[in-house]
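Engineer: As numbered in our numbering, the sequence shown has no gaps in its residue numbers, which increase by one up to the final residue, 852.
A virtual CB, placed ideally from N, CA and C, is assigned to each residue, including glycine.
Keep in mind it's a predicted model, so treat the numbers as computed, not measured.
Structure below; questions to follow.
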Amino acid sequence: MKVLKFGGTSVGSAENIRKVKEIVKGQSGDVIVIVSALGGITDKILNAAKMAVLATEYFNTEITAIKERHDEVVDALFDGEQKEKVKAEVNQLLDELSKVIQGVSMIGELTPKTLDKIGGFGERLSSYIISEFIEGSQWVDASKMIKTDSAFGRALVDFKLTNKKVKKAFENFSGVCVAPGFVSSNSAGEFTTLGRGGSDYTAAILAAALNVEVLEIWTDVNGFMTADPRIISKAYTIQSLSYSEAMELSHFGAKVIYPPTILPVFQKGIPVQIKNTLDPEHEGTLVRPSQPNGKDRPIKGISSISNISLITVQGLGMVGVTGISSRLFGALAKENINVILISQASSENSISFAVDTLKAETAEEAIRIEFDREIAAQQINKIEIESDLSIVAIVGENMKHTTGIAGKLFNTIGKNGINIIAIAQGASELNISWVVKDSDLRKTLNVVHESFFLSENIEVNIFMLGIGLVGGNLLSQIQQQQEKLLKDKHLKLKVVGVANSKKMLFDRDGISIDGFKERLDAEGESSGLDAYKQEIIDMNIYNSVFVDCTASDAAAEVYGDLLNANVSIVTANKVAASSEYENYLKLKKIAKQKGVKFLFETNVGAGLPIINTLNDLVNAGDEILKIEAVLSGTLNFIFNTISADVPLSKTIQMAKEEGYSEPDPRVDLSGIDVVRKLLILVRESGYRIDKEDVIINKFVPDEFFDGSMEDFWNGISGLDADFENKRKVLEAENKCWRFVAKYEDGKAEVGLQEIEQGHPFFDLQGSNNLVMFTSERYNEFPMIIKGFGAGAEVTAAGVFADIIRVSNI
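So this is what it looks like as structure tokens:
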């Protein structure tokens, strides 16, 4: 024998009731069907009663709507004489309901007893309609079997008498019967109800009394999910839960099953299968006795409750005083206030608890009345309410067998900039609950869901700034590698924001790289760095990274605010890391404090692993004694290309056309770009240095750096002859030019040097870079890093590598 319960959505329309019939007819063996009222009907009935007690005529509008809804369902399900028969019975019940509510209107009073009488009309109506629609089924009045006391509104079940009546009612039963959920009665035969979610409770009571093989709860979801799918798209159905796990998830907001439902079946060890009426083939979730399994994840699911207020009672007068908690929660109980979470300091000088926000003021007043003397004597000096909060809970029986869960949880949450306001954990280690601001709820759920591998993929959310040569190449590389990274590394790279100098576009669900330019033009808002920064902060997305592919001074100015908002920075822009030392140090410190990344590998050597290698040396305890480097791919290209046939001015033009130089090649020619790179290397080596500390030996006269770009291009050819004469001399001596950066003994300088054949710098081809680190460990033979050091494609590749480092895979 089985008990099947169908909720309000499952019987909410004629179409869904047809699905219910198919499901019931597809069962083998005897079946008891418990149904809720048509979706939304109970709310309309109670609303009508509440309007009636106010002596308004609006209750008639609700009664009319209730009648029309049932007429619509009956008309869709039945024909001919059967339709008339069913309508007659339905109208009789509706007339009875109308008379009771009319009586409420006349006397202007709505007692708990009357509420219980009218509260079950929806179930009585729906169960009768469905019993008539399922051929061969019989209707059973559950209210005559389930007996309670007379505490109307909060009646308690008399299980001894109820079990006896249920067993007798089904003594010779076979086939299919349909019964209303929610309804019950006292010893006098007066209607009572089983409270919120009472139809689930009805089903569980009957299942336990008859010791059935399984209780099936049919609803509008595929069972318990790892998290709320409306917030976390990657959430999926949990195949099985223990009773305790299901109870915890239900308590903390997973509206799949009514918590008291579990108790009767738990006592009998009867499994509960959660199924979806709209997707009956899905296996759903099986709730069963605890079966420890080492293969199960430590965390089964994440649940949350919003619209919570946290009330804190604090005072030194509470320390060591017995009975404080008893008085506190007794005062709340008198006001029917449910406490959802409790957190108390071990010093006993404060206690915090969470309640529904709608009850917060009532709770505060009850506390002030109860502790009036202690407040007057300043033994209790603070009663504080903090609202706009949510509770999040992780649930799993295997947590108690797994060390480090709490550490991993709170480390992950903190790294993403989420402040935890209160924490509660039971000694059973079945549940860890904590309180966060409502504004952090989405981010918290996503972070925790990903951290505990309830989804198998790590997700990095990218905000791009600059989609020119480097940015465009980067997006192309991401597009090419997305599928492979997802498959091989379980890393999902998602572009959620993109901006150029004119427009910006955001999409929390991801911006497709195919056609993103067209979408940016069509849907993008007017761009501005402050607006772009603020939107990134306001979106508050977990695992966010700001990718700067510009050379903008202004862009570098927003790094601090973004790091403070727990957004990682990956940048090809050298401005921030080579700015004033104090600013560089501040950004590094913020990143460390916030647990996010500030990565700028491509600031030196484009895609070459120079900075990471340097960091490894320093972190391993080595000391950098000397740095010698050719760091400008642009200048190296120029001095490798210059010849009798290709003068200086032509090589500069070629470097710009090939994309090796900065947008203004004078930045390269002045040595400023090399100075920036040297500053970064020296700082990453652990030394304090500023731009003013670097000596620049220029090879182009100062007057070429004044005036417009047009003036520059018109005048630079005037240097060609002089450079050609010097080049011939170098060539005859088997030497070449290299623009070298050097740091040793606290002295830093950059400038053009003549390099003899045999020196590591001599054979540098094209735009290659070369760095030599002389350290305590690499003293006699310096460490050399050499390779292609300029160009949009390799720079984009270096930025891409930094983005992957943000994910920590």
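Buried or exposed: which applies to I827, given that a residue is buried once 16 or more other Cβ atoms fall within 10 Å of its Cβ?
Structural biologist: Exposed, by the Cβ-count rule.
Engineer: Any chance the region 266 to 281 sits against the region 223 to 243, with 3 or more Cβ pairs inside 8 Å?
Structural biologist: Flag = no, the region 266 to 281 and the region 223 to 243 do not touch.
Engineer: My output table needs one value for K343: the three-state DSSP class, helix, strand or coil.
Structural biologist: If DSSP states are grouped into helix, strand and coil, K343 belongs with coil.
Engineer: Cutting at 6 Å between CB atoms, please list the residues of its own chain near Q522, excluding the five before and the five after it.
Structural biologist: The answer, listed in chain order, is I556.
Engineer: Leaving aside the five residues before and after K576 along the sequence, list all residues of the same chain whose C-beta is less than 7 Å from its C-beta, in chain order.
Structural biologist: Here the set comprises V601, D604, L605.
Engineer: Hey, which unbroken runs of the alpha helix (DSSP H) at 4 residues or more fall wholly within the region 219 to 285?
Structural biologist: The region 219 to 285 contains these whole alpha helix (DSSP H) runs: 241 to 253.
Engineer: Where do the ends of the alpha helix (DSSP H) carrying Q524 lie?
Structural biologist: From DSSP, the alpha helix (DSSP H) with Q524 extends over 512 to 527.
Engineer: What residues are listed by DSSP as bridge partners for R331?
Structural biologist: According to DSSP, which records beta bridges pairwise, R331 is partnered with S285.
Engineer: Can a CB atom of chain B be found closer than 7 Å to the CB of S227?
Structural biologist: Checking the listed chains, one finds no chain B in this structure; it contains a single protein chain.
Engineer: To test your reading of the DSSP string, which unbroken alpha helix (DSSP H) runs of 4 or more residues are found completely within the region 98 to 153?
Structural biologist: List check, alpha helix (DSSP H) in window: 102 to 120, 123 to 150.
Engineer: Could you spell out the range, first to last residue, of the alpha helix (DSSP H) harbouring T838?
Structural biologist: Its alpha helix (DSSP H) spans residues 835 to 849.
Engineer: Confirm, please, whether the CB-CB distance from K537 to N583 is below 7 Å.
Structural biologist: Their beta carbons are not under 7 Å apart, which means N583 does not touch K537 by this criterion.
Engineer: Grouping DSSP H, G and I as helix and E and B as strand, with all else coil, what is N543?
Structural biologist: Coil at N543, not helix or strand.
Engineer: Quick check: the region 667 to 677 against the region 809 to 822, are at least 3 beta-carbon pairs closer than 8 Å?
Structural biologist: Yes: at least three Cβ pairs fall under 8 Å.
Engineer: Looking at C-alpha atoms only, which residue of G714, K156, F805, K64 is the closest neighbour of D745?
Structural biologist: Closest option to D745, Cα to Cα, is G714.
Engineer: Which residue comes first and which comes last in the alpha helix (DSSP H) that contains F176?
Structural biologist: Element bounds for F176: 164 to 176.
Engineer: With distances taken between CB atoms, is the gap from I161 to V143 smaller than 7 Å?
Structural biologist: Yes, Cβ-Cβ distance for I161 and V143 is below 7 Å.
Engineer: Under the three-state reduction of DSSP, which class applies to R34: helix, strand or coil?
Structural biologist: The question about residue 34 has no answer, for the chain in this structure spans 44 to 852.
Engineer: Per DSSP, what are the beta-bridge partners of M507 in this structure?
Structural biologist: Answer is V541, V590.
Engineer: Using a 10 Å radius around the Cβ and a threshold of 16 neighbouring Cβ atoms, would you call M752 buried or exposed?
Structural biologist: Result: exposed.
Engineer: Just to confirm my understanding: we take P825, look at its own chain, exclude 5 residues before and 5 after, and list those with CB closer than 7 Å. What are they?
Structural biologist: Closer than 7 Å at the Cβ level, and outside the excluded window around P825, lie M815, F816, T817.
Engineer: Which same chain residues end up closer than 6 Å to I66 when comparing Cβ atoms and leaving out the 5 residues on each side of it in sequence?
Structural biologist: Correct list, in chain order: P323.
Engineer: Below 7 Å CB to CB, which residues in the same chain sit around D431 once its five sequence neighbours on both sides are set aside?
Structural biologist: Closer than 7 Å at Cβ, skipping near neighbours: K480, D481.
Engineer: Express the C-alpha separation of S386 and I466 in angstroms, rounding to a whole number.
Structural biologist: Near 6 Å, if we compare the C-alpha coordinates of S386 and I466.
Engineer: Kindly indicate which residue of V330, L168, T455 has the alpha-carbon position closest to the one of D184.
Structural biologist: Checking every option, the nearest Cα to that of D184 belongs to L168.
Engineer: Determine the direct distance from the alpha carbon of K126 to that of E132, and round the result to whole angstroms.
Structural biologist: For E132 and K126, the distance between alpha carbons rounds to 10 Å.
Engineer: Does the count of Cβ pairs from the region 697 to 716 and the region 764 to 778 closer than 8 Å reach three?
Structural biologist: As far as the Cβ criterion goes, the region 697 to 716 does not touch the region 764 to 778, which means the pair count is below three.
Engineer: Span of the alpha helix (DSSP H) holding Q696?
Structural biologist: Where Q696 is concerned, the enclosing alpha helix (DSSP H) stretches over 691 to 700.
Engineer: Taking P708 and K720 to be in contact with their CB atoms under 8 Å, please state how far apart those CB atoms are, rounded to whole angstroms.
Structural biologist: Actually they are not in contact, since the Cβ atoms of P708 and K720 sit about 16 Å apart, beyond 8 Å.
Engineer: Flag this pair as yes or no: are the beta carbons of I300 and I260 separated by less than 7 Å?
Structural biologist: Yes, Cβ-Cβ distance for I300 and I260 is below 7 Å.
Engineer: Out of G238, V226, A119, which one is the CA nearest neighbour of K190?
Structural biologist: Comparing Cα positions, the closest option is V226.
Engineer: Apart from the five residues on each side of it in sequence, which residues of its chain come closer than 7 Å, Cβ to Cβ, to L630?
Structural biologist: The answer, listed in chain order, is Y602, G603, L606, A619, F641.
Engineer: If I'm right that T455 touches V490 with Cβ under 8 Å, what's the distance once you round it to whole angstroms?
Structural biologist: T455 to V490, Cβ: 6 Å. Contact.
Engineer: Can you list, in chain order, the residues of its chain with a C-beta nearer than 7 Å to that of K41? Leave out the 5 residues immediately preceding and following it.
Structural biologist: Because the chain is modelled from 44 through 852, residue 41 falls outside the range shown and cannot be assessed.
Engineer: Following the continuous beta strand (DSSP E) through L47, name the residue where it begins and the one where it ends.
Structural biologist: Residues 45 to 49.
Engineer: Write down every uninterrupted run of the alpha helix (DSSP H) in the region 760 to 815 whose length is 4 residues or greater and which is fully enclosed by it, in chain order.
Structural biologist: Entirely contained in the region 760 to 815, the alpha helix (DSSP H) runs reaching 4 residues are, in chain order, 763 to 775.
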